[in-house]
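Numbered by numbering that gives the first Met the number 0, the letters in the sequence shown go through residues 0 to 289 in order.
Ideal Cβ positions, reconstructed from N, Cα and C, are used throughout, including at glycine.
To keep things clear, I will list the structure first and then write my remarks on it.
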Amino acid sequence: MSVDEANAILNTPRANRMVRYSLVMNVVMVVLSFVFAILTGSNAILLDGFFSLIGVAQVVAMGSIMRMQGRPDDSRHPFGFSSFVPLLNSIRGLTILAVCGFAGFQAVLSIINGGDHPDAGLGMIYGAAAALGCLFTGFVMARAARELGNPLLKVDSHSWLIDGFYSLVVSVAFGIAMIMQSLEWTTAARYVDPVLVLVLLLLAIPWPWGVMRDGVRELLLIGPPEGIRRQVIEQVNDVMSSLKPRDVICRILLSHDQLYVMCHVLVDGDAVISVTEIDRVRQAAMDCLG
């Protein structure tokens, strides 16, 4: 796939509409989270609000990058703007990890100080409403990402689905707190909120860590996993075998679901290969790699 084709995938009218929709939903979730955090006094809901706030900044940046993809290459960006995608993902992952670290510290302090007393009933209502909104948005974004082949929408859809799962956990946890309160287990109920924050953090950390790790790998132009690299080399060697080469050297890069392969084919000095044959082999390699 050429750079222009990759840019066209990122910058389409439907993709831009989905970015605006995601932005609106993120703002709604931020307002909902902060309002319920104030009403319930729950740090778990407040943490969810900060995740949504990060999502707002992410979507704004995503829209800017998609607009940049529609611009032609220039002297400052001779290879286009595709590197901004892993840069954005790396910053997002790092930001979420920083928020997780701060929230974990606050949760531990709350446990040491004897817990807190959030309104479990309102917390359960928030969790159910937030889960419904996040999961619906996540499925809509996932379908658009799949149909458009857009890596930015794919990352955003994963974030929405994970947020929806977290909200379900929040609703269930507050339901358990309500049961504890009805049984007059007040001491145990005070620890539900800080423990819930720690559980959410343990569930959350693998995703931003993976996003940040993959983004940094792409920024450093690190090659794909060994399995993908071997498969590409085998396919290229099969295609190039008709040229009877002495050696085939492949340099492979996997960048936000796009595979870039540069091949150097070494042949004997007395080999006679026509331009037509070279074009045929090159096209066969492109067809083979998809």
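Query raised in the report: Name the DSSP bridge partner or partners of residue 237?
Result: Taking the sequence shown and counting its residues from 1, one reaches residue 237 at position 238. DSSP links residue 237 through a beta bridge to no other residue.
* To do: Taking 8 Å as the cut-off, decide whether the C-beta atoms of residue 298 and residue 147 are in contact.
  => Nothing about residue 298 can be reported from this structure: the residues present for the chain run from 0 to 289 only.
Residue 169 in three-state terms, based on DSSP:
Numbered from its first residue, the sequence shown carries residue 169 at position 170. It is helical.
Tell me the rounded alpha-carbon separation between residue 46 and residue 241.
Taking the first residue of the sequence shown as 1, we reach residue 46 at position 47. Taking the first residue of the sequence shown as 1, we reach residue 241 at position 242. One C-alpha to the other measures close to 59 Å.
So residue 33 and residue 48 are supposed to be a Cβ contact under 8 Å. How far apart are they, rounded?
As a first step, residue 33 must be located in the sequence shown, where it is residue number 34. As a first step, residue 48 must be located in the sequence shown, where it is residue number 49. Contact between residue 33 and residue 48 holds, since their C-beta atoms are separated by about 5 Å, short of 8 Å.
**Message:** Could you tell me the alpha carbon to alpha carbon distance between residue 99 and residue 284, rounded to whole angstroms?
**Reply:** Along the sequence shown, one-based indexing puts residue 99 at 100. Along the sequence shown, one-based indexing puts residue 284 at 285. Rounded to whole angstroms, residue 99 and residue 284 show a C-alpha spacing of 45 Å.
Confirm, please, whether the CB-CB distance from residue 123 to residue 170 is below 8 Å. As a first step, residue 170 is located in the sequence shown; it is residue number 171 there, counting from the start. As a first step, residue 123 is located in the sequence shown; it is residue number 124 there, counting from the start. Cβ distance < 8 Å, so residue 170 and residue 123 count as in contact.
Uninterrupted alpha helix (DSSP H) stretches inside the segment 156-216 (no shorter than 4 residues):
Under the rule that a run must span 4 or more residues, the alpha helix (DSSP H) segments found entirely inside the segment 156-216 read 185-188, 191-203.
Report task. Answer with buried or exposed for residue 14, where buried requires no fewer than 16 other C-beta atoms within 10 angstroms of its C-beta. Result -> Taking the sequence shown and counting its residues from 1, one reaches residue 14 at position 15. Residue 14 comes out buried.
Could you tell me which residues DSSP pairs with residue 251 in its beta bridges? The residue you call residue 251 lines up with position 252 of the sequence shown. Answer is 260.
- Query: In three-state DSSP terms, what is residue 115?
  - Reply: Along the sequence shown, read from residue 1 onward, the residue named residue 115 stands at position 116. Three-state DSSP puts residue 115 in coil, outside helix and strand.
Q | Same chain, Cβ closer than 6 Å to residue 117, neighbours up to 5 away in sequence not counted | A | Along the sequence shown, read from residue 1 onward, the residue named residue 117 stands at position 118. So the qualifying residues of the chain are 39, 40, 41, 192.
* With 16 other Cβ atoms within 10 Å as the buried cut-off, status of residue 253 -> Within the sequence shown, the letter at position 254 stands for residue 253. When all chains shown are included, residue 253 counts as buried.
Candidates 57, 91, 172: closest to residue 211 by CA position: The sequence position of residue 211 within the sequence shown is 212, counting from 1. Closest by alpha carbon: 91.
- request: For residue 246, write down the residues that DSSP places opposite it in a beta bridge.
  value: Within the sequence shown, the letter at position 247 stands for residue 246. In the DSSP output, where bridge partners are listed per residue, residue 246 has 265.
Report task. With a cut-off of 8 Å on the beta carbons, I'd call residue 24 and residue 132 a contact; round off their distance for me. Result -> On the sequence shown, position 25 is the one that residue 24 refers to. On the sequence shown, position 133 is the one that residue 132 refers to. With 8 Å as the limit, residue 24 and residue 132 qualify as a contact, their Cβ atoms being about 7 Å apart.
Exercise. Using 10 angstroms around the beta-carbon of residue 205, count the other beta-carbons present and answer buried if the total reaches 16, otherwise exposed.
Key: The residue you call residue 205 lines up with position 206 of the sequence shown. When all chains shown are included, residue 205 counts as exposed.
From residue 180 to residue 173, what distance separates their C-alpha atoms?
To locate residue 180, count along the sequence shown from 1; it is residue 181. To locate residue 173, count along the sequence shown from 1; it is residue 174. As the crow flies, the alpha-carbon of residue 180 is around 10 Å from that of residue 173.
* Hey, could you find the ends of the alpha helix (DSSP H) residue 280 is sitting in? => Against the sequence shown, residue 280 aligns to sequence position 281. 274-288 is the span of the alpha helix (DSSP H), which, as asked, contains residue 280.
Q.
Considering just the uninterrupted stretch of the alpha helix (DSSP H) at residue 12, what are its terminal residues?
A. Reading the sequence shown from its first residue, position 13 is the one you call residue 12. It spans 12-39 - the alpha helix (DSSP H) in which residue 12 sits, taken as one unbroken run.
| query | Are residue 140 and residue 155 closer than 8 Å when you measure CB to CB? | reply | Here residue 140 refers to the residue found at position 141 when the sequence shown is read from its first residue. Here residue 155 refers to the residue found at position 156 when the sequence shown is read from its first residue. The beta carbons of residue 140 and residue 155 sit closer together than 8 Å.
What whole-angstrom Cβ distance do residue 89 and residue 218 have, given they're in contact under 8 Å?
-> Counting from 1 along the sequence shown, the entry for residue 89 is found at position 90. Counting from 1 along the sequence shown, the entry for residue 218 is found at position 219. Between residue 218 and residue 89 the Cβ distance is about 7 Å, and since that is below 8 Å, they are a contact.
Determine the closest residue to residue 266 out of 58, 280, 243, 31, with distance taken between C-alpha atoms. Reading the sequence shown from its first residue, position 267 is the one you call residue 266. Minimum Cα distance to residue 266 is reached at 243.
Using the beta-carbon count (16 or more within 10 Å), is residue 270 buried or exposed? Working through the sequence shown from its first residue, we reach residue 270 at position 271. With fewer than 16 other CB atoms across the displayed protein chains lying within 10 angstroms of its CB, residue 270 is exposed.
Check your understanding: For residue 59, which residues from the same chain have a beta carbon less than 8 Å from its beta carbon, with the 5 sequence-adjacent residues on both sides left out?
Key -> Counting from 1 along the sequence shown, the entry for residue 59 is found at position 60. So the qualifying residues of the chain are 22.
* Tell me whether residue 1 is buried or exposed, calling it buried when 16 or more other Cβ atoms sit within 10 Å of its Cβ. => Here residue 1 refers to the residue found at position 2 when the sequence shown is read from its first residue. Only weak support is given to the placement of residue 1: the predicted model assigns it a pLDDT of 42, under 50, and the question is left unresolved by the model.
Can you tell me whether residue 103 is helix, strand or coil according to DSSP?
In the sequence shown, the residue the question calls residue 103 occupies position 104. Of the three classes helix, strand and coil, the one that applies to residue 103 here is helix, per DSSP.
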